[in-house]
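>
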Amino acid sequence: MDRPNKPAALSATGGKPDPQAQVTISQASSLVTAVLPTGDSVEVLLYGATVVSWKDASGQEKLFVSTAAKTDGSKPVRGGIPLVFPVFGAPPKDHATAKLPQHGFARNSRWEFLGKAGDGESESGSVKLDFGLSSGQLDQAWKDKWPYDFGLVYSVTLSPGKLATSLVVSNEGEEAFECQVLMHTYFRVNVGFKFLFPASSSALSFTLDCLTNLIALQQDIADTKVTGLDSASYIDKMDGAKVKTQAAGGISLSALTDCVYTPDTPPSDPIAIVEGGKTTLSISRDNMADVVVWNPWEEGAKGMGDFEPKDGWKNMICVEAGSVRSWTKLERGDVWEGAQTMTAS
Ligand code: TA6
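According to my numbering, the sequence shown holds residues 1 to 345 in order.
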């Protein structure tokens with residue numbers, strides 16, 4: 001007899017024996033997992049349709065998830081890719097979203113798994129997982145705070161070395177509404193070591209130099225840059241929301257950073273995360289003009305009960321694609337779509 005809650009293996013091609021992706025859903029944790037024949041994998045929690053893991057073929061995790069993150073629905077997941085809708089940040093007092101919590105309700109609602117791409121709907125060797133959230137299935141508590149008829153379809157597409165996420169927002173009602181969308185991606189900054197060959201002559205000093213270099217050169221956020229935003233206008237939320245222009249040479253972080261960039265280059269131009277001089281990830285956008293760069297730093301991490309380990313801020317950076325600096329107004333029947341493609345180098 002089958003053991004209870006045994007994950008049901010759902011072949012992405014209707015059970016035909018082929019090397020395509022394997023998709024499983026575990027009813028207990030409502031977690032959808034897809035694994036490609038290459039070994040690349042993605043895990044999506046139905047709670048918030050939150051991507052909580054993206055690994056490349058070697059099994060290297062690309063996303064940061066706090067070890068104290070709640071995944072039981074008691075609060076939004078601290079890490080992965082929380083979805084921000086219909087409002088980014090603290091809602092304005094004089095706006096229709098005023099009664100909603102920071103970042104809206106999408107990341108703390110239960111979505112439904114709509115299924116996986118069948119044959120022909122995705123490039124070979126990739127798999128598309130679709131998730132849905134609509135006003136019809138929204139908790140009454142949220143509906144009371146934001147009474148509009150909407151539909152969301154969130155697609156997570158895994159292909160070798162890439163993960164794409166796209167959101168389609170539709171106005172299903174008679175009344176127009178305004179919204180903001182953001183994919184609040186927490187990227188891992190991998191702890192690693194840069195070895196610098198010491199120029200020492202004697203064996204003893206060579207050994208000492210090696211040790212010194214080893215200790216001194218641990219890579220973390222201090223060795224990380226974000227490129228592709230040079231000369232972009234940005235709002236510095238840590239400096240009175242002043243509007244500034246990004247200097248050339250990329251963005252290095254040395255303190256709590258919370259900036260909303262609106263580059264005037266095409267969204268398809270990649271934003272890159274560069275660790276120790278090597279590009280490890282690039283993000284291209286579609287129809288999402290803004291990019292938020294955030295790191296809570298030591299003080300921010302200390303202040304978040306669900307942020308662990310407390311020095312984890314050294315090994316993560318949020319680079320968040322979104323449409324947040326203005327409102328998108330959807331009239332009856334209007335549809336909006338925004339997407340990001342993350343490519344591991
Ligand atoms: O995206 C950056 C930000 O808006 C920061 O201001 C910080 O609040 C972060 O999101 C996390 O917000 P949360 O509501 O998840 O604690």
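Ideal Cβ placement from N, Cα and C applies to all residues, glycine included.
1. Considering only residues of the same chain and omitting the five flanking positions on each side of K62, which have a CB-CB separation below 8 Å?
2. Any heavy atom of ligand 1 within a distance shorter than 7 Å of the CB on E298?
3. Nearer than 7 Å: is that true of the beta carbon of D269 relative to any heavy atom of ligand 1?
4. Can you list the alpha helix (DSSP H) stretches of 4 or more residues lying completely in the segment 121 to 199, in chain order?
5. Quick one: what does DSSP say N295 is sitting in, helix, strand or coil?
6. Using a Cβ-Cβ cut-off of 7 Å (strictly less than) and excluding sequence neighbours within five positions of D290, which residues of its own chain qualify?
7. Give the DSSP bridge partners of M304, in chain order.
8. Let me know if G338 comes out buried or exposed under the rule of 16 or more other beta-carbons within 10 Å of its beta-carbon.
9. Does the distance from the CB of Y148 to the CB of F177 come in under 8 Å?
10. Given a cut-off of 8 Å on the beta-carbon distance, is the pair V44 and T50 in contact?
11. Going straight from the alpha carbon of F88 to that of Q180, what length do you get?
12. Does the distance from the C-beta atom of A346 to that of S233 stay below 8 Å?
13. Mind checking who R325 pairs with in its DSSP beta bridge?
14. Would you say the beta carbon of S308 is closer than 7 Å to some non-hydrogen atom of ligand 1?
15. Quick check: does the Cβ of P76 come within less than 7 Å of any heavy atom belonging to ligand 1?
16. Going by the DSSP bridge assignment, what does D236 pair with across the sheet?
17. From the DSSP output, read off the bridge partner residues of V319.
18. Between V293 and G250, what straight-line distance do the alpha-carbon atoms span, to the nearest angstrom?
19. Identify which residue in A21, S74, S30 and A98 has its Cα closest to the Cα of D306.
20. From this set, A255, S166, V226 and G228, which residue's C-alpha is nearest D239's C-alpha?
21. Less than 8 Å separating the beta-carbons of S109 and L138?
22. Would you say G89 touches ligand 1, meaning its beta carbon is less than 7 Å from a heavy atom?
23. If you draw a straight line from the alpha carbon of T257 to that of D223, how long is it in whole angstroms?
24. What would DSSP say about K314, mapped onto helix, strand or coil?
25. Could you tell me whether any non-hydrogen atom of ligand 1 is closer than 7 Å to the CB of K302?
26. Using the Cα positions of K329 and E174, report the straight-line distance between them to the nearest angstrom.
27. Tell me the residue span of the beta strand (DSSP E) that contains K225.
28. With which residues is A344 paired in a DSSP beta bridge?
29. Suppose you measure from the CA of F64 to the CA of C318; what does that come to, to the nearest Å?
Let's see:
1. As a position in the sequence shown, residue 62 is number 62, starting the count at 1. Answer for K62: W54, K55, D56, L163, F187, R188, L281, M342 and A344, listed in chain order.
2. Indexing the sequence shown from 1 puts residue 298 at position 298. For ligand 1, not one heavy atom lies less than 7 Å from the Cβ of E298.
3. Looking up residue 269 in the sequence shown gives position 269. No, the beta carbon of D269 sits no closer than 7 Å to any heavy atom of ligand 1.
4. 140 to 145
5. Looking up residue 295 in the sequence shown gives position 295. If DSSP states are grouped into helix, strand and coil, N295 belongs with the strands.
6. Position 290 of the sequence shown, counted from the first residue, corresponds to residue 290. If we look at D290 and ignore the five residues flanking it on each side, its Cβ neighbours are V260, Y261, T262, G322, S323, V324 and R325.
7. As a working mapping, residue 304 is identified with position 304 in the sequence shown. Note: M304 sits in no beta bridge, so no partner.
8. Position 338 of the sequence shown, counted from the first residue, corresponds to residue 338. Burial of G338 is indicated by the presence of at least 16 other C-beta atoms within 10 angstroms of its C-beta.
9. Against the sequence shown, residue 148 aligns to sequence position 148. Against the sequence shown, residue 177 aligns to sequence position 177. It is a contact, given that the beta carbons lie within the stated cut-off.
10. In the sequence shown, the residue the question calls residue 44 occupies position 44. In the sequence shown, the residue the question calls residue 50 occupies position 50. Result yes, Cβ atoms of V44 and T50 sit closer than 8 Å.
11. Working through the sequence shown from its first residue, we reach residue 88 at position 88. Working through the sequence shown from its first residue, we reach residue 180 at position 180. Rounded to whole angstroms, F88 to Q180 spans 6 Å at the Cα level.
12. Missing from the structure shown is residue 346; the chain here goes from 1 to 345 and no further.
13. Residue mapping note: residue 325 aligns to position 325 of the sequence shown, counting from 1. Paired residue(s): none; R325 is not in a bridge.
14. Translated into positions along the sequence shown, residue 308 becomes position 308. Looking at the sequence itself, residue 308 is Glu, so the reference to Ser does not match. Look at E308: its beta carbon is at least 7 Å from all of the heavy atoms in ligand 1.
15. The count along the sequence shown starts at 1 and reaches residue 76 at position 76. Distances from the CB of P76 to the heavy atoms of ligand 1 include at least one below 7 Å.
16. For the purposes of this step, residue 236 is taken as residue 236 along the sequence shown, with counting starting at 1. Bridge partners of D236: K242 and C259.
17. In the sequence shown, the residue the question calls residue 319 occupies position 319. In the DSSP output, where bridge partners are listed per residue, V319 has V293.
18. Within the sequence shown, residue 293 is the residue found at index 293, counting from 1. Within the sequence shown, residue 250 is the residue found at index 250, counting from 1. So the two alpha carbons sit approximately 12 Å from each other.
19. By one-based count along the sequence shown, residue 306 stands at place 306. For the residues A21, S74, S30 and A98, the minimum Cα distance to D306 belongs to S74.
20. Locating residue 239 in the sequence shown gives position 239, where the first residue counts as 1. Among A255, S166, V226 and G228, the Cα nearest to that of D239 is on A255.
21. As a position in the sequence shown, residue 109 is number 109, starting the count at 1. As a position in the sequence shown, residue 138 is number 138, starting the count at 1. By the CB criterion at 8 Å, S109 and L138 fall inside the cutoff.
22. In the sequence shown, the residue the question calls residue 89 occupies position 89. Result yes, Cβ under 7 Å from ligand 1.
23. Counted from its first residue, the sequence shown places residue 257 at position 257. Counted from its first residue, the sequence shown places residue 223 at position 223. Answer to the nearest angstrom: the Cα atoms are 15 Å apart.
24. What you label residue 314 is simply residue 314 of the sequence shown in a count that begins at 1. Note: K314 maps to helix in three-state DSSP.
25. Position 302 of the sequence shown, counted from the first residue, corresponds to residue 302. Outside the cutoff, so no.
26. In the sequence shown, the residue the question calls residue 329 occupies position 329. In the sequence shown, the residue the question calls residue 174 occupies position 174. Their backbone Cα atoms lie some 13 Å apart in a straight line.
27. What you label residue 225 is simply residue 225 of the sequence shown in a count that begins at 1. That run of the beta strand (DSSP E) goes T224 to T227.
28. As a first step, residue 344 must be located in the sequence shown, where it is residue number 344. Looking at the DSSP assignment, A344 forms a beta bridge with L281.
29. Against the sequence shown, residue 64 aligns to sequence position 64. Against the sequence shown, residue 318 aligns to sequence position 318. The straight-line gap from Cα to Cα measures roughly 9 Å.
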